[in-house]
Each structure stands twice: as structure tokens, then as C-alpha cells.
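Asks: Would you mind keeping the following structure in view while I ask a few things?
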Amino acid sequence: MSGTDGSWRTVGVVAGWQTAASLCYYTIFAATGFLRESFHLTESLVGLFLTAAMLGYTVSLFPSGAAVDGFGEKRVMTVGLVALAVAAVGVTFAPSYPLLLVAGALLGAAYSTAMPGSNRGIVAGAPAGRANLAMGLKQVGVTAGSGAASLVVTGVAAVAAWRVGFWAIAALACVYAVGFAVVYRGKSGSGRFERPELGGLRANGPYVALVAAGLFLGAGVFSMLGYTVLYVEDVVGASAAVAGVVLAATQVTGSLGRVGAGTLADRLGGAHGAATVALAQTAVGAGLFVVLVGSGGSLLLTVAVFVGLGLSVHGSTGVFYSCLSDVVDDDDIGAATAGGQTALNTGGLLAPPTFGFVVESMGYDAAWAFVTALTAVAAVLLFVVRRRV
């Protein structure tokens, strides 16, 4: 099967790969409560573990992007998915907190193959005129994988050890890797592993503004991922299973948001349409974070707010990548995606431990107010992008 035939089948295969990859990586976010208990961690040490995984992810992005541009996405994605499965199992066997940090970093490094590879596959294989919808569908793989990881890890933990959920997910990833290698042909690369040329990207004003917006958008996304479960447990007083369902709900609505946003952006057209939709979602997300600050621990209100945040904040990354792909040349997709994802991840590196520190010193309301401010900055930068494209 060709990766360049402009078919929905191609989009489906790539989206399936993204789901399997995210299923492996996001196990750690679903397991924060279990890791805190198993290793006797404070909230800030939980955030440091998430930062270690994000650091491994971030520092490996440009090498992964160069590999995708040089050797094509198929080989990189196949190897990357197997590596994710192995690393997920490695997390469960970490005998101490320092080695848990190492295992998390390796899991993140394996996940660095995801965005450069899958975005390149979508740009090459999306049906004409439906690139935003195709990117949104592919990005549903992230929220679907994260949501499924939350349900599997917390669900299995209710009847067996939480580690068993990790093992089951790793097995599924290996099965999909074999199928992906058989049915997906992909687009060939240059044949050379070269250092990405970033000079042209730095001179691209809309791209630079979009990357800057990604930094603050990532802070909101990863703060939600890292602390939704703990917030629902600690403030609302719900069980780990209920907290896992709330996290999964944000991923379900995030999936709906990505599909809806992609469809709307295709109708509006081009990078301007994608930037317009992303701006609207981010502005709504900032407003919902304000509501969360004053929610007072009500379960119903908390669930409603997180459902809305899934639609807005989590739902915005599909059009973020569509806009990014529209403002750069096709041959630079791998490097450009690495730059955008590095910005998102940098927000994810800095925000979770800061969030945890604010929780410990001033409480959750102050921490969500901090995220509100960061999301508002992202909205301002997306407004700049919209004006420039």
C-alpha cells in the first residue's frame, strides 16, 4: 500500500500507529497515583519523573526528525513502536526512583519518532483538500491512546498489579508494529542522515510565532495530563478509578475536538483557517481554567470543566500541526515538526514540576491560575500567527 496515494486507508494506518505509540507513552500519566504510592513520592517528584520522560522525548526529536527526512517514515516508525513497547515494560521493572527516571527518559526517547514520522505520513497520504481533517484524525490517535492507557492501567490495577496493564499495552504495540511493517509502504527519504537546516525556518515569521505559541500550549496540555488524576483524587476526593475515567473523558473529548477542528479548518481554508480555529480553542481553554480555579472541588463541575478542556486545549493540537505543515515546505516537515514538538515539550518539561511546586506551597487553585496565564499567552501568539498567514 502506498503512503502517497491520497487515501483514507493510508490515514487510517498512520492514525492506528499513532494510537499504539501513544498507548505506550501515556501509560505513565495514567499511573501517576500508583507510582506515587509505590515509590513514596511527593507531587513534585511525580512531576520530575514526567519531566524525565519529556526530556528524553525532547532531546531525541531532532535526530528522529532527521531520520524521518533521510530514511522515510516507515522504518523509523516501525523501530520506534517496538522501542516504545520495550521501554514501557522497562518502567515496570525499575527497582528504585533514580532508575525509574532513566526508564521514563528512554520511553520518551522512543516516543520522539511519533510526530515527525506520523505527520510526514499524513502530509504525503492525505486526500486532496482534506489535510486538516486527516491531521485531526491522526491526532485522535494521541488522545485515543492516552484515554485507552488511562482505562487499561487503572482498570487492570483494580483486579491485578498496575504493572500488568503496562505489559498488555506493550504486547499490543508489538503486534501493531508487525502489521504496520507489512501493510504500509510510506514515502522514501533523501537517503542521508543530515543535520536539519534551521536557518530557513528561523526566517519564517509565522512558523516562529507558531512555535512560540506551542511552548505555552504545551504547558497547559501536559499540566492537565500530569495532574488531572491527582487533582480529582486530592481535591474532589474521588477514587483512582473515577479519576482515571475523568482523564479518559478529556481524551475522548480531545479526540472529538481534533476531528471537529480539522473539519472546520478545511472549510475555512489553509494556514489561516487552522490558526483561526486553534486561536478560538485556546481562548476557550483559558476561560475554562478560570472556572476550574473556582470549582470548589465539585465532582460534576470538575468533570464538566475537564470535558470542555478536552475539546479546547487537547483538541487544538491537530490544527496546530496542520498550520505548522502549511507554513513550511514539504521537504522540511520532519525538521519543522521536531521544532514544533520541541516547543510543546519544553512547556511540558517546565510546567509539571512548577505546577507540583505551586500545589505544595499554595494549593491547586494557584496552580490552575498559573496554567490559565500560560494558556492566555498561547492565545495571544496564535492571534499573531493568524494575522501573518
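In full-length UniProt numbering, the protein residues as written are 1 to 389.
Each residue gets a CB set at the ideal place from its N, CA and C atoms; glycine is no exception.
(1) Quick check on this structure: which residue in Ile28, Val14 and Gly16 has the alpha carbon closest to the alpha carbon of Tyr227?
(2) Where Val79 and Ala238 are concerned, what is the direct C-alpha to C-alpha distance, given to the nearest angstrom?
(3) Quick check for students: name the residue ranges of the alpha helix (DSSP H) that lie wholly in the region 41-122, counting only runs of 4 or more.
(4) For Ser38, which of helix, strand or coil comes out of DSSP?
(5) Which class does Gly16 belong to by DSSP, given the choice of helix, strand or coil?
(6) Thinking Leu23 and Gly145 are a contact (beta carbons under 8 Å), I'd like their distance in whole angstroms, please.
(7) Identify the continuous alpha helix (DSSP H) that holds Val175 and give its terminal residues.
(8) In angstroms with no decimal places, state the Cα-to-Cα distance between Ala248 and Ala124.
(9) As an exercise, report each continuous alpha helix (DSSP H) stretch of at least 4 residues that is fully enclosed by the region 302-331, in chain order.
(10) What would DSSP say about Ala157, mapped onto helix, strand or coil?
(11) Quick one: is Ala157 buried, meaning 16 or more other Cβ sit within 10 Å of its Cβ, or exposed?
(12) Could you spell out where the alpha helix (DSSP H) holding Ala376 opens and where it closes?
(13) Quick one: does Ala30 have its CB under 8 Å from some CB of chain B?
(14) So which of Ala367, Val76, Leu217 and Val82 has the shortest CA-CA distance to Ala280?
(15) In this structure, does DSSP put Asp5 in helix, strand or coil?
(16) Please determine, among Leu349, Ala274, His272 and Gly254, the residue with the shortest C-alpha to C-alpha distance to His314.
(17) Please determine, among Gly12, Arg9, Ala20 and Ser44, the residue with the shortest C-alpha to C-alpha distance to Gly230.
(18) Just the C-alpha distance for Ala128 and Ser118, rounded to the nearest angstrom, thanks.
(19) Would you give the residue range spanned by the alpha helix (DSSP H) that Phe277 belongs to?
(20) Would you mind stating whether Ile333 and Ser325 have Cβ atoms separated by less than 8 Å?
(21) So, helix, strand or coil for Asn132, using DSSP?
(22) Would Met362 be called buried (16 or more neighbouring beta carbons within 10 Å of its own) or exposed?
(23) When DSSP labels each residue in this structure, what does Lys138 get in the three-state scheme?
(24) Does the Cβ of Gly356 have 16 or more other Cβ atoms within 10 Å, making it buried, or fewer, making it exposed?
(25) Got a sec? Which residues, its chain only, sit under 8 Å from His272 by beta carbon, not counting five neighbours each side?
(26) Who are the Cβ neighbours of Val235 in its own chain at under 7 Å, not counting the five residues just before and after it?
(27) Nearest to Ser150 by CA position, among Phe34, Ala369, Gly136 and Ser295, is which residue?
(28) To the nearest angstrom, report how far apart Asp5 and Val380 are at their CA atoms.
(29) If we ignore side chains and look at the alpha-carbon of each, how far apart do Ala88 and Met77 end up?
(30) Quick check on DSSP: helix, strand or coil for Pro352?
(31) Rounded to a whole number of angstroms, what is the C-alpha to C-alpha distance between Val159 and Val152?
(32) Looking at C-alpha atoms only, which residue of Gly348, Phe166 and Gly121 is the closest neighbour of Gly220?
(33) Helix, strand or coil: which one does DSSP assign to Ala124?
(34) Among the candidates Ala67, Pro98 and Leu225, whose CA atom is the shortest distance from the CA of Val142?
(35) When the Cα atoms are used, what is the spatial distance from Thr375 to Val277?
(36) Determine the burial state of Val182: buried for a count of at least 16 other Cβ atoms within 10 Å of its Cβ, exposed for fewer.
Replies: Reading off the structure:
(1) Its Cα nearest to that of Tyr227, the residue Ile28 stands out among Ile28, Val14 and Gly16.
(2) Put simply, the backbone Cα of Val79 is about 39 Å away from that of Ala238.
(3) Listed in chain order, they are 43-59, 61-71, 73-92 and 97-111.
(4) Helix, per DSSP.
(5) In the displayed model, Gly16 falls within a helix according to three-state DSSP.
(6) Indeed they touch by this definition, with Cβ atoms about 4 Å apart.
(7) First-last of the alpha helix (DSSP H) with Val175: Trp162 to Val183.
(8) One Cα belongs to Ala248, the other to Ala124, and the distance between them is close to 31 Å.
(9) Within the region 302-331, the complete alpha helix (DSSP H) runs of at least 4 residues are 317-326.
(10) In the structure shown, Ala157 sits in a helix (DSSP, three-state: H, G or I).
(11) Around the C-beta of Ala157, 16 or more other C-beta atoms lie within 10 Å, and the residue is accordingly described as buried.
(12) Residues Tyr364 to Arg388.
(13) Among the chains in the structure shown there is no chain B, since it carries only a single protein chain.
(14) With distances taken between CA atoms, Ala280 lies nearest to Leu217 out of Ala367, Val76, Leu217 and Val82.
(15) Low local confidence applies: a pLDDT of 49 at Asp5 is under 50, so the model's placement there is unreliable, and no value is given.
(16) Checking every option, the nearest Cα to that of His314 belongs to Gly254.
(17) Here the sequence assigns Leu to residue 230, which means Gly is not the residue at that position. Out of Gly12, Arg9, Ala20 and Ser44, the CA that lies nearest to the CA of Leu230 is found in Ser44.
(18) C-alpha separation (whole angstroms): 17 Å.
(19) Per the sequence shown, residue 277 should be read as Val rather than Phe. Secondary structure note for Val277: its alpha helix (DSSP H) is the uninterrupted segment Gly270 to Val293.
(20) For Ile333 and Ser325, yes; Cβs fall inside 8 Å.
(21) Correct three-state label for Asn132: helix.
(22) So Met362 ends up on the exposed side.
(23) If DSSP states are grouped into helix, strand and coil, Lys138 belongs with the helices.
(24) Gly356 is buried by the Cβ-count criterion.
(25) Around His272: Arg386 and Val389.
(26) Excluding sequence neighbours, Val235 sits near Gly297 and Tyr364.
(27) If you compare the alpha carbons of Phe34, Ala369, Gly136 and Ser295 with that of Ser150, the shortest gap goes to Phe34.
(28) The pLDDT assigned to Asp5 is 49, lower than 50, so where the model puts this residue is not dependable, and the model offers no usable value.
(29) Straight-line Cα distance between these residues: approximately 16 Å.
(30) Pro352: helix per DSSP, three-state reduction.
(31) Just so you know, the alpha carbons of Val159 and Val152 end up roughly 11 Å apart.
(32) Residue Gly348 is the option with its Cα nearest to Gly220.
(33) Helix at Ala124.
(34) Measuring from the Cα of Val142, the nearest candidate turns out to be Leu225.
(35) Those two C-alpha atoms are separated by around 15 Å.
(36) Counting every other CB atom within 10 Å of its CB across the protein chains shown gives Val182 a total below 16, marking it as exposed.
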